[in-house]
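The sequence shown begins at 5 in the working numbering and counts up one residue at a time. For each residue, glycine too, the CB sits at the ideal point set by N, CA and C. For reference, the structure discussed in these notes is given below.
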Amino acid sequence: MAGTHKYDVAIVGGGIIGTAILYVLSNYTDAKRLVLVERRSAAAELNSDGKSNSQTLHFGDVETNYTEAKAKRTNDAARLVLRYCENTGAHAGKIIRRCQKLLLAVGEEEIEYADRWYGSFAHGLYGGLEKLRLDYVKEIEPNLIRGRKAAERIEVYRSNTGYMVDYGKLADSFIRRSKYASRRRGTCVDVLFDTEIGSVEEDGDEYVLRSGSAKIECKAAVFAAGAYSLLFAKRLGLADNLSIIATGGGFFKSRRVLNGKVYRVQLGKMPFAAVHGDPDMNNSTITRFGPVIYLPIGLEKGRPKPIDYVKTSGAAIMPVSLKILSKYGLFGLISRHMSYHMPLIGKKLFLNNEVRKIVPALEYSDISPAKGYGGISPRIVDRKKMTLNIGEERIRKDNAVFDISPSPGASSSLAIARSDAAYISSRLGIDFDKERFDRELGH
Ligand SMILES: Cc1cc2nc3c(=O)[nH]c(=O)nc-3n(C[C@H](O)[C@H](O)[C@H](O)COP(=O)(O)OP(=O)(O)OC[C@H]3O[C@@H](n4cnc5c(N)ncnc54)[C@H](O)[C@@H]3O)c2cc1C
Numbered sequence: 005m006a007g008t009h010k011y012d013v014a015i016v017g018g019g020i021i022g023t024a025i026l027y028v029l030s031n032y033t034d035a036k037r038l039v040l041v042e043r044r045s046a047a048a049e050l051n052s053d054g055k056s057n058s059q060t061l062h063f064g065d066v067e068t069n070y071t072e073a074k075a076k077r078t079n080d081a082a083r084l085v086l087r088y089c090e091n092t093g094a095h096a097g098k099i100i101r102r103c104q105k106l107l108l109a110v111g112e113e114e115i116e117y118a119d120r121w122y123g124s125f126a127h128g129l130y131g132g133l134e135k136l137r138l139d140y141v142k143e144i145e146p147n148l149i150r151g152r153k154a155a156e157r158i159e160v161y162r163s164n165t166g167y168m169v170d171y172g173k174l175a176d177s178f179i180r181r182s183k184y185a186s187r188r189r190g191t192c193v194d195v196l197f198d199t200e201i202g203s204v205e206e207d208g209d210e211y212v213l214r215s216g217s218a219k220i221e222c223k224a225a226v227f228a229a230g231a232y233s234l235l236f237a238k239r240l241g242l243a244d245n246l247s248i249i250a251t252g253g254g255f256f257k258s259r260r261v262l263n264g265k266v267y268r269v270q271l272g273k274m275p276f277a278a279v280h281g282d283p284d285m286n287n288s289t290i291t292r293f294g295p296v297i298y299l300p301i302g303l304e305k306g307r308p309k310p311i312d313y314v315k316t317s318g319a320a321i322m323p324v325s326l327k328i329l330s331k332y333g334l335f336g337l338i339s340r341h342m343s344y345h346m347p348l349i350g351k352k353l354f355l356n357n358e359v360r361k362i363v364p365a366l367e368y369s370d371i372s373p374a375k376g377y378g379g380i381s382p383r384i385v386d387r388k389k390m391t392l393n394i395g396e397e398r399i400r401k402d403n404a405v406f407d408i409s410p411s412p413g414a415s416s417s418l419a420i421a422r423s424d425a426a427y428i429s430s431r432l433g434i435d436f437d438k439e440r441f442d443r444e445l446g447h
């Protein structure tokens, strides 16, 4: 690509968020010229890839650390993805698959916590969430029971919204349907891979994005570039108070020992999911256990660029991170997880502290690090308030939007896209058919 190209809206980043935005703009607004620009060679090669995340469609019904408001938002958002898959036939294919999903409480503290959570709002919000008898659990997920000490009390809930999703394939589907819509409606949808946006500037009412010698001029720009969205916001003089703490999440794997997903009770308002066990949608012979958290020196997997980290988060990111981890009582959790990365002993610690809480009979030789799996989540910190945001962040100014979407961002992709499309269309004075969107994808 060379020369100057003009669009109504340019989207930077071809992960699940950028492609969902492309899908909603191309199908439900009358934007005439859209472009999506991705620096990698295909869509969703980073965090949205099937190997990078846990492939869960999060409804909030096994996330005991969510507030009622967040659980409700997450539930509504996930239903959009489910409905999209049902409407497009993806339901029967390789994009989404139904699976069993359990919530496991181990020991008195977790049992009491789960009971309170269930009684306070979860039972009311999620009619299909039920507490199971343990003799029934033995039938449907025997490895939760086998080898467990009699003294270790457990409680198990079953959700009726167990789905695994390959978000990489979902992103491909969003692109296909955007192109199809553009052919049907006579509009333009360009998708440019291997194209890295190096800079953004405001030029009157427009934004100019540069990639090498090529120039994209657009009336509105949406950055769905993960942690790099914040870097672009800062280049336009925005979000000076925000930083990112990049948190990596890796996995161990074993032979297939679980029939479905098993999430653990998350005590308090922890910003990370407790280690859970998941089948792998693309490899039916294994079970994955994770996330195993670590603190990387770069913002993206396979792109160790500490300089980008410092530009995005400020030179004081080290002391800020330490203060935040201390304020949120996360030192214990992080150091425990860091110990799981130690050679030899790490695997033993992970097995004893985490895996055996789920599958007590697994042995040392049964698990191994899942090489090539895992991703990096951008966690947003407000340096002025010294707060850690446990969910997504959206920065908007004039005709520019910057999305940073850690877990459960993929599950919320269509809700994020709907909100961005509403904002952009009102800014550009174009039509957004929200009623049709809600009729076709809402519940
Ligand atoms: C371990 C782990 C487990 C998770 N499990 C789940 C789960 O089970 N369910 C769930 O809903 N969510 C989960 N998540 C979160 C989920 O993966 C993210 O919310 C989602 O992938 C974010 O999508 P994205 O499009 O914002 O980012 P990404 O998929 O990271 O895409 C960003 C894209 O922007 C591109 N880009 C960046 N800079 C530029 C530039 N300058 N020019 C052009 N392109 C650029 C990148 O190449 C990349 O392709 C998990 C995350 C992790 C780390």
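May I ask you to check if the CB of residue i is nearer than 8 Å to at least one heavy atom of ligand 1?
{"i": "L86", "result": "no"}
{"i": "Q59", "result": "yes"}
{"i": "R422", "result": "no"}
{"i": "E134", "result": "no"}
{"i": "E49", "result": "yes"}
{"i": "D53", "result": "yes"}
{"i": "A229", "result": "yes"}
{"i": "V16", "result": "yes"}
{"i": "R43", "result": "yes"}
{"i": "G281", "result": "no"}
{"i": "P364", "result": "no"}
{"i": "T68", "result": "no"}
{"i": "E200", "result": "yes"}
{"i": "A320", "result": "no"}
{"i": "S163", "result": "no"}
{"i": "A224", "result": "no"}
{"i": "H9", "result": "no"}
{"i": "D176", "result": "no"}
{"i": "E304", "result": "yes"}
{"i": "Y171", "result": "yes"}
{"i": "Y344", "result": "no"}
{"i": "H127", "result": "no"}
{"i": "D209", "result": "no"}
{"i": "P295", "result": "yes"}
{"i": "D194", "result": "no"}
{"i": "I380", "result": "yes"}
{"i": "H341", "result": "no"}
{"i": "I1", "result": "Any property of residue 1 remains undetermined from this structure, which presents the chain solely from 5 to 447."}
{"i": "A414", "result": "yes"}
{"i": "G253", "result": "yes"}
{"i": "I100", "result": "no"}
{"i": "I349", "result": "no"}
{"i": "H62", "result": "yes"}
{"i": "D244", "result": "no"}
{"i": "I408", "result": "yes"}
{"i": "S182", "result": "no"}
{"i": "Y427", "result": "no"}
Mind checking who residue i pairs with in its DSSP beta bridge?
{"i": "D194", "result": "V39"}
{"i": "N393", "result": "I384"}
{"i": "T33", "result": "F436"}
{"i": "Y211", "result": "E206, C222"}
{"i": "H9", "result": "I220"}
{"i": "K257", "result": "R292, S372"}
{"i": "F406", "result": "F227, I399"}
{"i": "K105", "result": "S163, K265"}
{"i": "I15", "result": "L40, V226"}
{"i": "D45", "result": "According to the sequence shown, residue 45 is Ser rather than Asp. Answer is none; S45 lacks a bridge partner."}
{"i": "A250", "result": "P382"}
{"i": "I100", "result": "V169"}
{"i": "T60", "result": "M168"}
Could you tell me whether any Cβ in chain D is nearer than 9 Å to the Cβ of residue i?
{"i": "S288", "result": "Going by chain labels, chain D is absent from the structure shown, which holds only one protein chain."}
Pairing CB atoms from the segment 176-189 with CB atoms from the segment 137-146, are three or more of them under 8 Å? no
Would you call the segment 16-35 and the segment 425-432 in contact, with 3 or more CB pairs under 8 Å? yes
Examine the Cβ distances between the segment 69-84 and the segment 155-163 and report whether three or more of them are shorter than 8 Å. no
Across the segment 231-249 and the segment 262-282, are there enough close Cβ pairs to call them in contact, namely three or more that are closer than 8 Å? no
Check whether the segment 369-381 touches the segment 249-263, taking contact to mean three or more Cβ pairs, one atom from each stretch, closer than 8 Å. yes
What runs of the beta strand (DSSP E), each 3 residues or longer, lie entirely inside the segment 127-166? 158-163
At which residue ranges does the segment 266-313 contain complete alpha helix (DSSP H) runs of 4 or more residues, listed in the order of the chain? none
Any contact between the segment 38-47 and the segment 10-28? By contact I mean 3 or more CB pairs, one from each, below 8 Å. yes
So, do the segment 331-344 and the segment 352-362 have three or more beta carbon pairs nearer to each other than 8 Å? yes
Length-filtered (3 minimum) beta strand (DSSP E) runs lying within the segment 313-387: 379-386
Count the CB pairs spanning the segment 17-26 and the segment 41-55 that are closer than 8 Å, and state whether there are at least three. yes
Are the segment 377-394 and the segment 203-221 touching by the rule of at least three beta carbon pairs closer than 8 Å? no
Is the number of C-beta pairs between the segment 190-205 and the segment 126-141 that are closer than 8 Å three or more? no
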